[in-house]
Amino acid sequence: MFNRNIVFPILIIIISAVILAFIPQFTVPIYYQQDASVGAKFFPTVLVIAQIIICIALLIQHQKNKQKIKKTSAIFSKTSLFGLCFLVLYAVLIGLLGYLIASLISFTLYLVYLKTKTLSYYLFAYSFVVAIYYLFSHVFIISLPEGIIF
Amino acid sequence: MIDHLLVGLGAAFSLAIFPVLIFGVLGGIILGALPGLTATMGVAILLPFTFGMEATAAMVMLIGVYIGGIFGGSISAILLKTPGTPASAATVLDGYSLTEKGEAARALSIAAVASFVGGLISTLVLIAIAPMLAEFALRFNAPEYFALALFGLTIIASVSSKSILKGLLAGTIGLLISTVGLDPISSVPRFTFGVMDLYNGINVIPVLIGLFAISEALNQLEKLHSKEKVAAKFSNKLMSLKDLKNILPTSIKSALFGTSIGAVPGAGADISAFVCYNEAKRVSKNPDEFGKGDIKGLAAAEAGNNGVTGGSLVPLLTLGVPGDAVAAVLLGALIVQGLTPGPLLFTQNPEIVYGIFSSMLVANIAMLLIGLLGIRFFCQISKVPKSLMIPIIIFLSIVGAYAINNSMFDVGIAITFGVLGFILNKLEVPTSPILLAIILGPMAESNLRKSLLMFEGSWSFLYERPIALAFILLAVFSLWSTIRRHRKHR
Numbered sequence: 001m002f003n004r005n006i007v008f009p010i011l012i013i014i015i016s017a018v019i020l021a022f023i024p025q026f027t028v029p030i031y032y033q034q035d036a037s038v039g040a041k042f043f044p045t046v047l048v049i050a051q052i053i054i055c056i057a058l059l060i061q062h063q064k065n066k067q068k069i070k071k072t073s074a075i076f077s078k079t080s081l082f083g084l085c086f087l088v089l090y091a092v093l094i095g096l097l098g099y100l101i102a103s104l105i106s107f108t109l110y111l112v113y114l115k116t117k118t119l120s121y122y123l124f125a126y127s128f129v130v131a132i133y134y135l136f137s138h139v140f141i142i143s144l145p146e147g148i149i150f
Numbered sequence: 001m002i003d004h005l006l007v008g009l010g011a012a013f014s015l016a017i018f019p020v021l022i023f024g025v026l027g028g029i030i031l032g033a034l035p036g037l038t039a040t041m042g043v044a045i046l047l048p049f050t051f052g053m054e055a056t057a058a059m060v061m062l063i064g065v066y067i068g069g070i071f072g073g074s075i076s077a078i079l080l081k082t083p084g085t086p087a088s089a090a091t092v093l094d095g096y097s098l099t100e101k102g103e104a105a106r107a108l109s110i111a112a113v114a115s116f117v118g119g120l121i122s123t124l125v126l127i128a129i130a131p132m133l134a135e136f137a138l139r140f141n142a143p144e145y146f147a148l149a150l151f152g153l154t155i156i157a158s159v160s161s162k163s164i165l166k167g168l169l170a171g172t173i174g175l176l177i178s179t180v181g182l183d184p185i186s187s188v189p190r191f192t193f194g195v196m197d198l199y200n201g202i203n204v205i206p207v208l209i210g211l212f213a214i215s216e217a218l219n220q221l222e223k224l225h226s227k228e229k230v231a232a233k234f235s236n237k238l239m240s241l242k243d244l245k246n247i248l249p250t251s252i253k254s255a256l257f258g259t260s261i262g263a264v265p266g267a268g269a270d271i272s273a274f275v276c277y278n279e280a281k282r283v284s285k286n287p288d289e290f291g292k293g294d295i296k297g298l299a300a301a302e303a304g305n306n307g308v309t310g311g312s313l314v315p316l317l318t319l320g321v322p323g324d325a326v327a328a329v330l331l332g333a334l335i336v337q338g339l340t341p342g343p344l345l346f347t348q349n350p351e352i353v354y355g356i357f358s359s360m361l362v363a364n365i366a367m368l369l370i371g372l373l374g375i376r377f378f379c380q381i382s383k384v385p386k387s388l389m390i391p392i393i394i395f396l397s398i399v400g401a402y403a404i405n406n407s408m409f410d411v412g413i414a415i416t417f418g419v420l421g422f423i424l425n426k427l428e429v430p431t432s433p434i435l436l437a438i439i440l441g442p443m444a445e446s447n448l449r450k451s452l453l454m455f456e457g458s459w460s461f462l463y464e465r466p467i468a469l470a471f472i473l474l475a476v477f478s479l480w481s482t483i484r485r486h487r488k489h490r
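Quick mapping for you: the protein sequence lines, in order, are chains A and Z.
Under UniProt numbering, read the first sequence as residues 1 to 150, first letter to last.
Under UniProt numbering, read the second sequence as residues 1 to 490, first letter to last.
Right, dumping it as structure tokens:
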């Protein structure tokens, strides 16, 4: 089992190292290299170095407090993974079918997954989706996502 | 001045203006409560409705939307952990904790009263010393803005409840994210990877929606099936007189802070709320209670963000310089009405200026009344079963993220930050510093670089400019006191 207190800082250090490798590739115009100011690379470089230092400090802190560490659960449970898939599916559906149809389908799928049998929940869900559609598109005149298909 | 003000008050209560004012405040509260719809957007949406209106009525309605919108954001922040606007991000810290304890009605009433105090004091300061404040705000140049941003960034340590190191890490992640896009001085593309949507940088609103709303929806979903279910508690009790006594000094102080921050062009309600929250925590006898439902924390954030409403109008009305995005839209509204904001407005159109001042006073009273009377209605949201509330939060979040720029890219950003926020919560890394850093990062970087250009590469601006030096000393003091407090409690 991975220890998240070690894996997370190490992951950030690796990402920071990759970013640090990207920074020299910024295409800075020649006239900007001549002025007295710090350039476009300065801020990201300082931040990435700070990030690495903080992660090393976190690793040292973890080594020092090893005994105090409490038992933790997995980051993603079955339900949170469902939530994540639901989010992505909704975003894809909204792009294909538009807000109204995608929301009606997604809400139904969600309630079915939770094995909801109460009819009032379904009625509430559909009323909410339609109310938001009306409020945004007819009252506030704010366009909602339109799908490719509809 | 008093005569003009009385005439303005008379106009604000007239049949032609009062209903417009109430409509504006109510509309602002509704818009502000919806994630993604900011006070700026609310004012912009209702702007076309004012084209056919008389000038005072038009301005009154828009100002009502502004004041209502800033308060409205706190309703969803307190009840759903979903700040309706960036200005309410600091409200989540203690507001939602109170809701979890079953004290949503108390939290909402405190928010309404603190917002009222913030808005009222801000308006009174605007009326009394607008020209002087404008003069002070005009002394701000790049070094002062950089020092202000630096001071703001020290709040990261304060909102990092358990581990300062993890808070600082979150802060650097946020600052790094704020560097995505064209750099502010030389327009060099940074971390854009050829993606056009990234050239403008990452918008703060989808980040806010993701970090707070979507991550919370995932969190709640997990709790639906977990064994450690929290018993549903709910109390209809509003704030007590003792609460009022407790929050009043903090609210007044935050209102004055908020007004000063609002008067500085470029510093908005979001920054003000965090600065006031930090200050309230710093001087508190029980700083450990902050983030766990401390009413002073909630009041400071709310009075701080509503305190900006009057402050941001100072440079607009006295100099014709819009202090923030809302003020820019209001500037547009004034121009549409054929008026030119600036010193001449006070002499040529006093009825408009004092009409605005008076209507701000009345709008704040209306906001308080609507806020308090609506609590029972707002609290019904807390009674909606969690299993239904989760998709509602997700749908509102996605729609809100899309509505900002009509862009599915922003939806992707919101989802990405939702997942990131969820993971960071599990790792006990606070998410507020990321948001704070994304708000303050561009201000810090661009003004640091401008200062270095102004001073030909010398860093002497850090100690040669009195206002900048004052902010830097404040930043050092704030950081030192936070670290000392953390060490004491370890």
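Even glycine gets a Cβ: it sits at the ideal position worked out from N, Cα and C.
As the structure is a computational prediction, the values presented were derived from the model and not from experiment.
In chain order, what residues of the same chain lie with their CB nearer than 6 Å to the CB of residue i, ignoring the 5 residues before and after it?
i	result
Z/P143	S451, F461, R465, A468
Z/A213	P35, T82, I393, S397
Z/G42	G28, L31, V65, G69
Z/A73	The question names Ala, but residue 73 of chain Z is Gly in the sequence shown. Same-chain partners within the cutoff: G32, P83, G84, T85, A87, S88.
Z/S97	K292, G293
Z/L150	A475
A/Y90	S106
Z/I390	A217, Q220, L221
Z/I75	A33, F378
Z/L153	L440
Taking residue i as the reference, give the member of the options with the closest Cα.
i	options	result
Z/A170	A/V7, A/I12, A/I6, A/R4	A/I12
A/L58	Z/L319, Z/G421, Z/G441, Z/L165	Z/L165
Z/A325	Z/V25, Z/G10, Z/T38, Z/P19	Z/T38
A/V38	Z/W459, Z/Y402, Z/G258	Z/W459
Z/L427	Z/M454, Z/L138, Z/L46, Z/S163	Z/S163
Z/L313	Z/L298, Z/T179, Z/A128	Z/A128
A/S80	A/Y113, A/S127, A/F43, A/K66	A/Y113
Z/F455	Z/A327, Z/A112, Z/N141	Z/N141
Z/L80	Z/M53, Z/L108, Z/I67	Z/L108
Z/G118	Z/A104, Z/A328, Z/T250, Z/G374	Z/T250
Z/A105	Z/G371, Z/A470, Z/L453, Z/L211	Z/G371
A/I14	A/V28, A/P29, A/I49	A/I49
Z/G201	Z/L176, Z/S215, Z/L211	Z/L176
Z/L334	Z/A44, Z/F13, Z/G8	Z/A44
List the endpoints of the continuous alpha helix (DSSP H) containing residue i.
i	result
A/S127	119–134
A/L47	42–64
Z/V159	155–159
A/H138	Taken as a continuous stretch (DSSP letters only), A/H138 belongs to no alpha helix (DSSP H), as it is neither H nor E.
Z/T309	295–311
Z/D270	269–283
A/K78	78–97
Z/A327	325–336
Z/V374	According to the sequence displayed, residue 374 of chain Z carries Gly and not Val. Neither: Z/G374 is in no alpha helix (DSSP H) and is coded neither H nor E.
A/F8	4–22
residue 492 of chain Z	Outside the displayed span of chain Z (1 to 490) sits residue 492 of chain Z, for which this structure offers no information.
Z/G24	18–33
Compute every distance between the C-beta of residue i and the non-hydrogen atoms of the ligand ZN, then say whether any falls below 8 Å.
i	result
Z/S158	The ligand content of the structure shown is nil, which means the ligand ZN is not present either.
Provide the residue(s) that pair with residue i in DSSP beta bridges, ordered along the chain.
i	result
Z/G181	Z/R190
Might you give, ordered along the chain, the residues of its own chain that have their beta carbon closer than 7 Å to the beta carbon of residue i, omitting 5 neighbours on each side?
i	result
Z/I261	A267, I271, S272, V275, V308, G311
Z/N349	L339
Z/P430	V159, S160, S161, K166, G167, A170
Z/A269	I70, A87, N305, V308
Z/F51	V336
A/P9	C55, L58, L59
So, at 8 Å on beta carbons, what are the nonlocal neighbours of residue i in its own chain, with the 5 sequence-adjacent residues on each side left out?
i	result
Z/F257	S272, V275, C276, E279, G304, G307
Z/L46	G24, G27, M61, L62, V65
Z/Y199	G181, L182, P189, T192
Z/G174	P433, I434, L435, L436, A437, I438, G441
>> List, from N- to C-terminal side, the alpha helix (DSSP H) runs of 4 residues or more that fit wholly inside the segment 190–258 of chain Z.
In response: Fully enclosed alpha helix (DSSP H) runs of 4 or longer: 204–208, 215–225.
> Could you give the uninterrupted runs of the beta strand (DSSP E) lying entirely in the segment 40–110 of chain Z, keeping only those of 3 residues or more?
Replying inline: Runs found: none.
> Going along the chain, which unbroken runs of the beta strand (DSSP E) with 3 or more residues stay wholly within the segment 448–472 of chain Z?
Replying inline: If we require 3 residues or more, the segment 448–472 of chain Z turns out to have no beta strand (DSSP E) run fully inside it.
> If you scan the segment 377–423 of chain Z from start to end, which runs of the alpha helix (DSSP H) of 4 or more residues do you find wholly inside it?
Replying inline: Fully contained in the segment 377–423 of chain Z are the following alpha helix (DSSP H) runs of length 4 or more, in chain order: 386–405.
> Considering only residues of the segment 424–448 of chain Z, which uninterrupted alpha helix (DSSP H) runs meet the minimum length of 4 residues and lie entirely inside it, listed in chain order?
Replying inline: Runs found: none.
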